[in-house]
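Protein chains in written order, with UniProt numbering: chain V, 1 to 263; chain W, 1 to 263; chain A, 1 to 263.
Right, one structure below, let's go through it.
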Amino acid sequence: MKDDLMNKLMEEVMKKMDEVKETGTVAAATGTGVSGLTEFVGTAVGNTIGFVIANVDKSLHEAMKIDPKYRSIGILSARTGAGPQVFAADEAVKATNSEIVSVEFARDTEGGAGHGSLIIFGAEDVSDAKRAVEVALNDLNRTFGDVYGNASGHLEFQYTARASFACNYVFGAPIGRAFGIIVGAPAGIGVLMSDAALKAANVDLVGYSSPDNGGTKFSNESMIFITGDAGAVRQAIYAAREVGKQALEALGGPCPSTTTPYI
Amino acid sequence: MKDDLMNKLMEEVMKKMDEVKETGTVAAATGTGVSGLTEFVGTAVGNTIGFVIANVDKSLHEAMKIDPKYRSIGILSARTGAGPQVFAADEAVKATNSEIVSVEFARDTEGGAGHGSLIIFGAEDVSDAKRAVEVALNDLNRTFGDVYGNASGHLEFQYTARASFACNYVFGAPIGRAFGIIVGAPAGIGVLMSDAALKAANVDLVGYSSPDNGGTKFSNESMIFITGDAGAVRQAIYAAREVGKQALEALGGPCPSTTTPYI
Amino acid sequence: MKDDLMNKLMEEVMKKMDEVKETGTVAAATGTGVSGLTEFVGTAVGNTIGFVIANVDKSLHEAMKIDPKYRSIGILSARTGAGPQVFAADEAVKATNSEIVSVEFARDTEGGAGHGSLIIFGAEDVSDAKRAVEVALNDLNRTFGDVYGNASGHLEFQYTARASFACNYVFGAPIGRAFGIIVGAPAGIGVLMSDAALKAANVDLVGYSSPDNGGTKFSNESMIFITGDAGAVRQAIYAAREVGKQALEALGGPCPSTTTPYI
């Protein structure tokens, strides 16, 4: 058998593996994306799935420590991604009559260096919970836009002109202000980008997390959370993105966006 | 080269990758499954391996905090699976003169969303420790029967008509009563199944765990532990399994059993 | 299509997947390994990357809790490997005018059973920080020599005739004495090797870690840290390596060294 045929095949296989790891799109594409379940809302990039429960079982409601005033919950659950889902949930709570009940991060990304996530919305009415999940699912294509990756790691940037309750709950973002996050994996790239960002613009450092300081649940990421003037936060992100891409490409080759950059 | 040949190849490759991820059977098949080591007992599904140590080194015995009365230990260690190994160990302590010394969960499953496990049996006599490991290894084909998976996640159900010391140690199961667990990944599927289970039958909720509440060691799973009448526990599991399969298939396509369903 | 052609292809694919998982060399090979960044130092096996920051941003410096006397930091960050990087850093602090600022372990290895790592060196002068990172990167080919792996797990052994500050910081190694570590995954293999090592030679047990006792951050590894006479430490490692290889090969077939054994 010819070696170059083998090489061509291997190339395709490796490419496919990377796609699966980074975005989950291949896996999602193999699913039907629809379901006969009344609770099912939809699926999105990152092996993300959304449900709604109109009237949560009483004993489960207590075990999950959900505020008794929310009879209905919306569920946004993903194998790959935490920042994209949190920023999408931030838009969802702005746009709907729902609130953030809890946000949990798993150490996941299907063999990658980051997180999966479980976000619970609470609402008094099931239609509000459902609308929150729909808004978030629809926003994920945007919030995966500044997630860049290759087989060696990933970079993530998120920005909002006006942080709301999801960003406040998770990152301590000041509500109503411009806010961004800068994430790099392996973690050293996160440290490098954080330094570049903070030197590039006059922003306030809200928080720093690294693999074993309690913040990242043992993911191989370092990250900062920043606030300030809208222009300054974006400028800091641009500076970080430039050095981050050079660093990650030196380690693992081209690191394209998962969808389309939005910042 | 024809595209459909390439597609066919990619399909086979993806299938193979899934098999490896979910059950470890391919990897196991490449090993000999036998060894010249006197301590070696055997291997099983889930990249599970079993050993026995007749007389544990004194300093290691202390460091592992093993009760001094157990000179001999049996070791059941797996890359993929925690529930299957715990329920197999439950049968092992019922059937042999051994006890559970410790059960630890690792965040593993070879890139998947769940756990690996390390279970230590204690016995005064090495033949008892060995027998416990043998019983557990032989039971794994059964306890992997209600583990369902695809590239996007997995579902796990376990049931025993009479919980023993392993289920009590790990899940707080009441000894001698019917007991079951319901696990879904990504975690949102676990929440959905838990709600369905608790609404379907009159069972008692023993515990709930999710990615970042301390219970699941950052796996991307939510799960409940239930007890009650044998029929009710099984009925709750059937209801959960039905909605869980629909949800996971909407996300990632068909999710077959790892071996053969037993519940 | 002929089945044996398909089988041959699958074999090649599985081999390639293993390479990626265990050493990261394939991924690294796709990168350029050079970068226009002034902070970039280099890359090495295990998807390891090194940087230097001459003058860390003040707010980041505080958030990272770096001792104010170090203006400059060196960064050694890896997707795969903790022991190899710590022992390489140990040589780096011996050989340069730098110190260990922090060592953090992530639960990583790109879908494998172990860790990635983030090591920060501190120095008053940037040239010292840079030299430390260079020495460590150059030493990684050696320290990956006694890392053995297959699709089912891995074994790791490290040895130094004279432990320095990195080994002291991470493992509690007595400075200036012979010191070694013995690591096995899945964790049961680590227990088996630890017992064999401690029975084979008169060494002192410095520490024991397992998946869920706080030490290994939920990796699927058990490990011991040992000190004593140089000959005894090596003898303990040889005994562990012999049983470890037999056990891991029984589970997953041949488990070659990542580079070239050095102990």
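Just so you know, even glycine gets a beta-carbon here, dropped at the ideal spot from N, CA and C.
Best match in the options for proximity to residue i [C-alpha to C-alpha]
i	options	result
Glu124 of chain A	A:Ile53, A:Ala232 and A:Gln246	A:Ile53
Val93 of chain V	V:Ile119, V:Tyr148 and V:Ala132	V:Ala132
Ser77 of chain W	W:Asn213, W:Val41 and W:Tyr262	W:Val41
Ser164 of chain V	V:Ala129, V:Pro211 and V:Ala89	V:Ala89
Gly184 of chain V	V:Lys245, V:His61 and V:Ser257	V:Lys245
Ile75 of chain A	A:Ala173, A:Val86 and A:Pro68	A:Val86
Phe104 of chain V	V:Thr216, V:Glu62 and V:Val45	The amino acid at residue 104 of chain V is misidentified as Phe; the sequence shows Glu. The candidate whose alpha carbon is nearest that of Glu104 of chain V is V:Thr216.
Ser210 of chain V	A:Asp139, A:Thr260, A:Leu60 and A:Asn168	A:Leu60
Ser98 of chain V	V:Tyr70, V:Pro84 and V:Ser117	V:Tyr70
Glu39 of chain W	W:Val45, W:Gly46, W:Val56 and W:Gly190	W:Val56
Ser194 of chain A	W:Glu62, W:Ser102 and W:Thr109	W:Glu62
Ile175 of chain W	W:Arg234, W:Arg107, W:Ser222 and W:Glu91	W:Glu91
Arg234 of chain A	A:Thr109, A:Glu221 and A:Ile182	A:Ile182
Thr48 of chain W	W:Lys58, W:Glu134, W:His154 and W:Gln158	W:Glu134
Leu155 of chain W	W:Arg177, W:Ala82, W:Met64 and W:Ser117	W:Ala82
C-alpha gap between residue i and residue j, whole angstroms
i	j	result
Leu37 of chain W	His115 of chain A	28 angstroms
Asp229 of chain V	Pro186 of chain W	37 angstroms
Glu242 of chain V	Val203 of chain V	18 angstroms
Gly253 of chain V	Tyr208 of chain V	27 angstroms
Thr96 of chain W	Val126 of chain W	12 angstroms
Thr260 of chain W	Asp67 of chain V	40 angstroms
Val206 of chain A	Arg79 of chain W	26 angstroms
Ala113 of chain A	Ser152 of chain A	9 angstroms
Ala236 of chain V	Ala196 of chain V	8 angstroms
Ala247 of chain A	Ser219 of chain V	29 angstroms
Asn213 of chain V	Val45 of chain W	35 angstroms
Tyr148 of chain V	Ala161 of chain W	49 angstroms
Ala250 of chain V	Gly190 of chain V	15 angstroms
Gly50 of chain W	Asn138 of chain V	47 angstroms
Gly31 of chain V	Ala166 of chain A	Per-residue confidence for Gly31 of chain V stands at a pLDDT of 47, beneath the threshold of 50, marking its modelled position as unreliable; no derived number is given.
Leu192 of chain W	Gln158 of chain W	17 angstroms
Ala173 of chain W	Lys65 of chain V	21 angstroms
Thr258 of chain A	Arg107 of chain W	24 angstroms
Ser102 of chain V	Phe171 of chain V	13 angstroms
Gly188 of chain W	Thr109 of chain W	19 angstroms
Ala178 of chain W	Lys199 of chain W	18 angstroms
Ser222 of chain A	Ser117 of chain W	11 angstroms
Lys58 of chain W	Lys58 of chain V	50 angstroms
Ser35 of chain W	Ser35 of chain V	48 angstroms
Limits of the beta strand (DSSP E) - the one that residue i falls within
i	result
Asn150 of chain A	Val147 to Asn150
Thr43 of chain V	Phe40 to Ala44
Ser257 of chain W	Unbroken run through Ser257 of chain W: none, as it is neither H nor E.
Glu91 of chain A	Taken as a continuous stretch (DSSP letters only), Glu91 of chain A belongs to no beta strand (DSSP E), being part of the alpha helix (DSSP H) at Gly83 to Ala95.
Leu76 of chain W	Ser72 to Ala78
Leu118 of chain A	His115 to Ala123
Ile100 of chain A	Glu99 to Arg107
Start and end residues, alpha helix (DSSP H) containing residue i
i	result
Val56 of chain A	Here Val56 of chain A belongs to no alpha helix (DSSP H), and DSSP marks it neither H nor E.
Leu140 of chain V	Val126 to Thr143
Cβ-Cβ distance between residue i and residue j below 7 angstroms
i	j	result
Gly180 of chain A	Ile119 of chain A	no
Gly145 of chain A	Tyr262 of chain A	yes
Ser72 of chain A	Ala129 of chain A	yes
Asn150 of chain V	Cys255 of chain V	yes
Gly111 of chain A	Gly111 of chain V	yes
Ile100 of chain V	Tyr169 of chain V	yes
Pro84 of chain V	Thr43 of chain V	no
Ala232 of chain V	Ala201 of chain V	yes
For a minimum of 3 consecutive residues, which ranges assigned as the beta strand (DSSP E) are wholly contained in the UniProt domain "BMC circularly permuted" (152–250) of chain W? You should have 153–160, 178–185, 204–209 and 222–228.
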